[in-house]
Amino acid sequence: MSERMRHGASIGQPLTRRDGPAKVTGAARYSADFKPEGMLHAVMAVSTIARGRVTHLDVAAAKAHPGVVDVMTPENAPALAKSPDEKDNPFTFRLDLLQNAGVRYANQPIAVVIAETLEAATEGAALLAPRYDAEVPEVELGGGEIFTPSSVGAGSPTEEGAGDVAAGLAAADTRLEATYETAAQYHNALEPHTSVAAWDGDRLTLQTPTQALWIAKGRLAELFGIPPENIRIVSHFLGGGFGSKGFIAAPQILGIMAAKLVGRPVKLVTRREQMFGPVGHRASTRQTLKLGAKADGGLTALDHHTLTLTSRHDDFVEACGLIARHLYAADAIATTHAVSRADIGTPLFMRAPGEAPGSVAVESALDELALELDMDPLELRLRNYAEVEPITHRPFSSKALRECYAQGAERFGWAKRPKQPRQMRDAHGLLVGWGMGTATYPAGMMQGEARATIRADGTALVETAAQDMGQGAWTVLAQIAADGLGLGLDAVDLRIGESDLPNGGLAGGSTGTATAGSAVHAATQAALAELEALAVNDRASPLYGAGNAGTVAQNGRLARRDDPTRSESFSEILARADKASVEAKGTGAGEPASRKTYAMHAHGAVYAEVKVDPDLGQIRVTRLVGAFAAGRIVNPRLVRSQYYGGMIWGVSLALHEHAVLDTRSGRVMNPNLAEYHVPVNADVPSLEAILVEEHDPHVNPLGIKGVGEIGITGTAGAIANAVWHATGVRVRHFPITLDKLLT
Amino acid sequence: MNSPDTGFPITLTVNGVPRSLVLEDARVTLLDALRERLDLTGSKKGCDRGQCGACTILLDGVRINACLALAVSHDGASITTIEGLADGDVLHPVQAAFVDHDAYQCGFCTPGQIMSAVGLIREGQAGDDPERVREGMSGNLCRCGAYAGITEAVLAAHAAMNAPDVLPGGHLSEDAA
Amino acid sequence: MNRFDYIRAGSVAEAVAAHAAGAAYLASGTNLLDLMKGDVTRPERLVDISRIFGLDAIETLPDGGTRIGALVRNATLAHDPAFAKAYPAVAEALLSGASAQLRNAATTAGNILQRTRCQYFYDTASACNKRQPGAGCDAIGGVTRTHAVLGWSEHCIATHPSDFCVPLAGFDAVVEIEGPAGRREIPLESFHRLPGDAPERETELAPGDLVVAVRLPPEAKAFAAHSRYLKVRERTSYAFALVSAAVGLTFAGDRIGQARIALGGVALKPWRARAAEALLAGAIPSPELFARAADAALQGASPSGDNAAKIDLARRIVVRALTLAQAGTPARIPALPASPFGA
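Residue numbers (UniProt numbering), protein chains in the order written: chain D, 1 to 743; chain W, 1 to 177; chain R, 1 to 343.
So, in structure tokens, the structure goes:
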């Protein structure tokens, strides 16, 4: 029997979610659903100017409103142990926590009203009627001084390349230069940023949604000057994060400060319109692609330059250029970034940060080049297939992209695509267009820990401070644990989402399952080793002396590896040793040597069909087929959902989402879900995700790559290319709105 | 009439149980009455402005956004929330279908999606037409992007419930099918 | 949201009597509560008319017309079989608006009285002559992709967001009003006001006036076989119209008998295109004719900002809506009502 089969009873099964019944009955409790005894409600007031300072707040009017208990302003906000503007690492972002009257962006928190009821707190915030000393804001891309950032994204080099791009362009038979723009986007998780905070002396209990419990705990400990172990954060369920809950944000901390101020538990829920500023966003970008190719399609040069925005007071740079560093085999590659400052909330990681807008530009440019070359767009991509990572020449740890291209194309019917645009119509006369794009996302890992406890009743408890924000951690970590322990899923209790559990890493960057899953797996193996030690050293055990041969865990029993008939149940081993349980910890982290040797990425291919009204320009994505290879699939049902979700974000990037700023005031003018459009159900009539088999022996012991973000990449470009194919109009300014198609 | 000084006593029948409460304010919405005063937190607040559907409940059998209704105006009404859908441990067919079809991810919009689906099936306008289901469910945003599963789940629940086919309302002429 | 007096009216007379300066009538509240939550409007008193007996009926009148009570829900009306057959473009317009949840709550009177979605009206930090007469209009020179191209003034460039009102204007609906001065009627076409120099006055209602019903004349039924509502929007569903059109045609042999055209999303009121109707009456339909009608419908249009594309779009929508109406009312309301993808 192979190792894989012995350890495969749960992993790979399309199980339904373990937390499903709680979610469909309303029993799953999100942060705002908690109500500690004596709880008050807090509501933020936010600035309507983008730059300047607050000169007056009518605190008296707010306090006079029945039910208002207190108003927190810079005058009386509890002192912090550390300035929230202190930046001791690149990912400690500066926060606006009422430390002064300054205003750095529109929608910045400027006060918090605390009241007996939500209604009173809300009205109290309105009654503050702030007055300002306003300065003229700068919010436009490239409006401020343009400079080269020291790093981009999560600490990647600003510039990276290989070969001589100028020479490559000179040597090309066909050249293309095009500039693409993407819009400012806001995460808009359906669950607003919330905190329910209760202080007991210098101990804090906090219900708040966070994608990284330990990072949040560490930041709070520093800000409030208390030991991390005094802080208990509970985040069993997150109503979506997408990066905006990666780091605890100002509104959540203001709720904690408010609770400290009034000496009672406080709930603060961010209002929807207040989420357009203090909780991060994806900045707008302007990307220029210069491509050179030989007549056979071989790329001689790929130059990708990005201009984006960051805030005046902090640094985060959307790393659009990363994608071009490892995707296509060009003779010469250059990827560079520049940035200008603006009076906006600091941009932040947002689902497929860098890769999402970068991909739409690169995949659009490839499509434009294919037309110039009179080549099929898929053929052009295959012609430039990277057998090794282009710049580093490292081999890929695994790469089933060729299979993705093929399986997706087959399923979609790509071979029937006419090369020229405006060739297809449906029965109602609507223009039909087909486009494709390559999907890719790094298979990263953070570091995480887990603890596994095998109990005398034959069950196990597995614990890690990982979070489930919809990706399915409640289910997949239990599957990994069950297989690791050789137990049925029902015998495994999982505890996650609490900060006093071992650090489970970050549910972000498509690293959550790889990291926490690896930690869980390691913990289970360590716990089994403890159990094995008890058995093989015990003369009364059938496993006595099996130390050299080793044991395997199966069906709640340890068996000799070389003789499965000699086995003993977990319960028997523990009972004889007179132990209630054995427990052990395990770590999950990238293995430095293999991460240096190999390039590690997930890949995919996305094919899109759009229909466009020939006269009115309205667009609908009528079919999306994605084929993705991401190593071992722990749960195909949930992974498919992740791909679908990413693909819908691709639809959104291509056609819908954009924050509209009034450049005079610096305010977002559509800070609501009626006019900040994200797709609705009717926008995505047909989605298919093909799970392409891929075995990766290097990425981590389980062979898992992340799947949460890759679906956006490829998709947005495929849709843009399909819109061109339907209409003959190349739109380079995203989102593609219908007015851009009226010609 | 009542004034802010005396409060506003109201009674709602919530999930079949009469619940009386005194609102200190006329400005309390049905959603905040349920969530903050009756401890029924299954209905979610995503936007508070009728733009996301997370607060969808059945009011006298009809799906509405609870965030855009004043509780005091609905004194005496009968309300069904997500907490009142299952029969003990037995899930409502729509709930069961959501589990089977993975019609959710983070789960925050799920109570609203499910109540909306129950309302949609009751309205009898969509039948087993996936396009009509998508249109009928478009008042419920899902930021995670679970729409494919949601549509499948609604269709499966419709079939499981033997829901009546389309009512005549949508037909504009006698010869319509 | 501010505190307010809450008064539940048992009758129209009681409601009118309870109304006072600073008061607002509350039906279901889908628009009013939204505005109150944004502090766009802060009424001191709400007069709840939702329990008034008799305002929720759909009646066929002796003359064959239809009287829609002020409290009839949008969904109830759209799904009423007799109504939808008689006025299919009205039903289609209703079903293309908002979401199912909102249509289940929103009322007839509330719909026609809904306020603009202009971002500068909603953004209370912006100057808006509607919210504060004389304050100025920050929309001008701002973000204006969706703003008016007809009938706007230097004081206001907002649009009326209703879908329902567009066919109502086209089919000569009449608004029935009761108020301190008694009972009166106003044609829907002149019920909403263009901004001029007083954009704060949005309708012809006087203080305390209560809309009690909307009436559709029997003549409107003549268009039932050739009626459409077409709405272009930036999501497949659950989005306000960028531009929309309601069209009704009658035919006499191979000639058009009468035509009705109204546009939505282009002005601060539903825009009746009478010149275009006159041009179509008695003419033989053709693409050229429809194009000329579209030009006539948009006569006088001018961009109020970065929205010239809407004029072109509106012309195209008129042509398409006429073409669809000529082809005939569909047997069933499309799965995606009023959508170019609904066919």
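Beta carbons are placed, not taken as given, at the ideal position from N, Cα and C, and that holds for glycine.
All of these numbers come straight from a predicted model, not from anything done at the bench.
Near residue i, which residues of its chain fall below 6 Å by C-beta distance, leaving aside the five closest residues on each side in sequence?
{"i": "Pro-168 (chain W)", "result": "A caution first: Pro-168 (chain W) carries a pLDDT of 46, below 50, which makes its placement in the model too unreliable to give a value."}
{"i": "Arg-131 (chain D)", "result": "Thr-55, His-56"}
{"i": "Leu-190 (chain D)", "result": "Gly-239, Gly-240"}
{"i": "Val-14 (chain W)", "result": "Ile-79"}
{"i": "Asp-468 (chain D)", "result": "Trp-474"}
{"i": "Gly-556 (chain D)", "result": "Gly-458, Leu-487, Ser-569, Phe-570"}
{"i": "Glu-3 (chain D)", "result": "Confidence at Glu-3 (chain D) is low in this model, with a pLDDT of 36, below 50, so its placement is unreliable and the value that follows should be read with caution. Nothing listed; no residue qualifies."}
Among the options, whose alpha-carbon lies nearest the alpha-carbon of residue i?
{"i": "Ile-496 (chain D)", "options": "D:Gly-277, D:Glu-449, D:Arg-539", "result": "D:Glu-449"}
{"i": "Trp-199 (chain D)", "options": "D:Arg-566, D:Leu-220, D:Leu-98, D:Ala-478", "result": "D:Leu-220"}
{"i": "Tyr-114 (chain D)", "options": "D:Arg-383, D:Gly-124, D:Leu-380", "result": "One point to set straight first is that residue 114 (chain D) is Ile, not Tyr, in the sequence displayed. Considering only alpha carbons, the answer is D:Gly-124."}
{"i": "Thr-515 (chain D)", "options": "D:Thr-16, D:Ala-466, D:Gly-433", "result": "D:Ala-466"}
{"i": "Thr-30 (chain R)", "options": "R:Asn-74, R:Gly-65, R:Val-174", "result": "R:Asn-74"}
{"i": "Pro-685 (chain D)", "options": "D:Gln-207, D:Val-707, D:Tyr-644", "result": "D:Tyr-644"}
{"i": "Met-473 (chain D)", "options": "D:Leu-616, D:Ala-589, D:Val-639", "result": "It is Ala, not Met, that sits at residue 473 (chain D) in the sequence shown. It is D:Val-639 whose Cα lies nearest to the Cα of Ala-473 (chain D)."}
{"i": "Phe-191 (chain R)", "options": "R:Val-143, R:Pro-218, R:Asn-111, R:Glu-234", "result": "R:Asn-111"}
{"i": "residue 209 (chain W)", "options": "W:Ser-138, W:Gly-145, W:Glu-131, W:Leu-91", "result": "Only positions 1 to 177 of chain W appear in the structure, and residue 209 (chain W) is not among them; the question remains open."}
{"i": "Pro-84 (chain D)", "options": "D:Asp-374, D:Val-59, D:Arg-53, D:Gly-225", "result": "D:Gly-225"}
{"i": "Glu-37 (chain D)", "options": "D:Val-196, D:Asn-100, D:Gln-108, D:Ser-151", "result": "D:Val-196"}
{"i": "Gly-617 (chain D)", "options": "R:Val-243, R:Leu-188, R:Asp-138, R:Ser-162", "result": "R:Val-243"}
{"i": "Arg-260 (chain R)", "options": "R:Thr-250, R:Val-266, R:Gly-22", "result": "R:Thr-250"}
{"i": "Met-161 (chain W)", "options": "W:Gln-125, W:His-92, W:Asp-60", "result": "W:His-92"}
{"i": "Ala-293 (chain D)", "options": "D:Val-668, D:Glu-159, D:Leu-169, D:Thr-438", "result": "D:Leu-169"}
{"i": "Glu-318 (chain D)", "options": "D:Asn-503, D:Ser-284, D:Thr-179, D:Pro-614", "result": "D:Ser-284"}
{"i": "His-393 (chain D)", "options": "D:Gln-554, D:Gln-287, D:Thr-597", "result": "D:Thr-597"}
{"i": "Glu-145 (chain D)", "options": "D:Gln-207, D:Leu-97, D:Ser-311, D:Lys-267", "result": "D:Ser-311"}
{"i": "Gly-264 (chain R)", "options": "R:Lys-231, R:Ala-252, R:Glu-288, R:Leu-279", "result": "R:Lys-231"}
{"i": "Ile-704 (chain D)", "options": "D:Asn-537, D:Leu-477, D:Gly-550", "result": "D:Leu-477"}
{"i": "Trp-661 (chain D)", "options": "D:Gln-252, D:Gly-345, D:Asp-33", "result": "The question names Trp, but residue 661 (chain D) in the sequence shown is Leu. Considering only alpha carbons, the answer is D:Gly-345."}
What span of residues does the alpha helix (DSSP H) with residue i cover, start to end?
{"i": "Pro-88 (chain R)", "result": "88-95"}
{"i": "Ile-199 (chain D)", "result": "One point to set straight first is that residue 199 (chain D) is Trp, not Ile, in the sequence displayed. First-last for Trp-199 (chain D): 194-200, but that is the beta strand (DSSP E), not the alpha helix (DSSP H)."}
{"i": "Phe-628 (chain D)", "result": "Counting along the chain, Phe-628 (chain D) falls outside any alpha helix (DSSP H), though it belongs to the beta strand (DSSP E) covering 619-629."}
{"i": "Ala-13 (chain R)", "result": "12-18"}
Just to confirm before moving on: does the CB-CB distance between residue i and residue j stay below 9 Å?
{"i": "Ala-259 (chain D)", "j": "Pro-278 (chain D)", "result": "no"}
{"i": "Ser-398 (chain D)", "j": "Glu-694 (chain D)", "result": "yes"}
{"i": "His-41 (chain D)", "j": "Leu-127 (chain D)", "result": "no"}
{"i": "Asn-681 (chain D)", "j": "Tyr-147 (chain W)", "result": "yes"}
{"i": "Arg-51 (chain D)", "j": "Gly-666 (chain D)", "result": "yes"}
{"i": "Phe-242 (chain D)", "j": "Arg-143 (chain W)", "result": "yes"}
{"i": "Val-582 (chain D)", "j": "Glu-498 (chain D)", "result": "no"}
{"i": "Val-149 (chain R)", "j": "Asn-307 (chain R)", "result": "yes"}
Grab me the residues of residue i's own chain with a C-beta within less than 8 Å of its C-beta, minus the 5 sequence neighbours each way, in chain order.
{"i": "Arg-193 (chain R)", "result": "Arg-201, Glu-202, Thr-203, Glu-204, Leu-268, Lys-269"}
{"i": "Gly-588 (chain D)", "result": "Met-445, Gln-447, Gly-448, Glu-449, Ala-450, Gly-505, Ala-514, Thr-515, Ala-516, Gly-517, Ser-518, Ala-519, Val-520, His-521, Ala-522, Asn-700"}
{"i": "Glu-174 (chain W)", "result": "A caution first: Glu-174 (chain W) carries a pLDDT of 49, below 50, which makes its placement in the model too unreliable to give a value."}
Could you give the residue range of the beta strand (DSSP E) that holds residue i?
{"i": "Gly-69 (chain R)", "result": "66-69"}
{"i": "Met-44 (chain D)", "result": "40-46"}
{"i": "Trp-434 (chain D)", "result": "431-442"}
{"i": "Ser-126 (chain R)", "result": "Neither: Ser-126 (chain R) is in no beta strand (DSSP E) and is coded neither H nor E."}
{"i": "Pro-636 (chain D)", "result": "Counting along the chain, Pro-636 (chain D) falls outside any beta strand (DSSP E), though it belongs to the alpha helix (DSSP H) covering 636-651."}
{"i": "Gly-448 (chain D)", "result": "448-455"}
Who are the Cβ neighbours of residue i in its own chain at under 7 Å, not counting the five residues just before and after it?
{"i": "Ser-11 (chain R)", "result": "Ile-52"}
{"i": "Val-16 (chain R)", "result": "Glu-178, Gly-179, Pro-180, Gly-208, Leu-210"}
Just to confirm, does residue i get its C-beta within under 8 Å of one of the non-hydrogen atoms of the ligand GDP?
{"i": "Val-103 (chain D)", "result": "For the structure depicted, the ligand GDP is absent and the ligand set is empty, with no information on it obtainable."}
>> My parser needs the beta strand (DSSP E) runs of 3 or more residues fully inside the region 228-265 of chain D; what are they?
In response: For the region 228-265 of chain D, whole beta strand (DSSP E) runs of length 3 or above, ordered along the chain, are 231-234.
> Which ranges does the beta strand (DSSP E) cover as unbroken runs of at least 3 residues, wholly within the region 286-366 of chain D, from first to last along the chain?
Replying inline: Counting whole runs of 3 or more residues, the region 286-366 of chain D contains the beta strand (DSSP E) stretches 299-311, 333-342.
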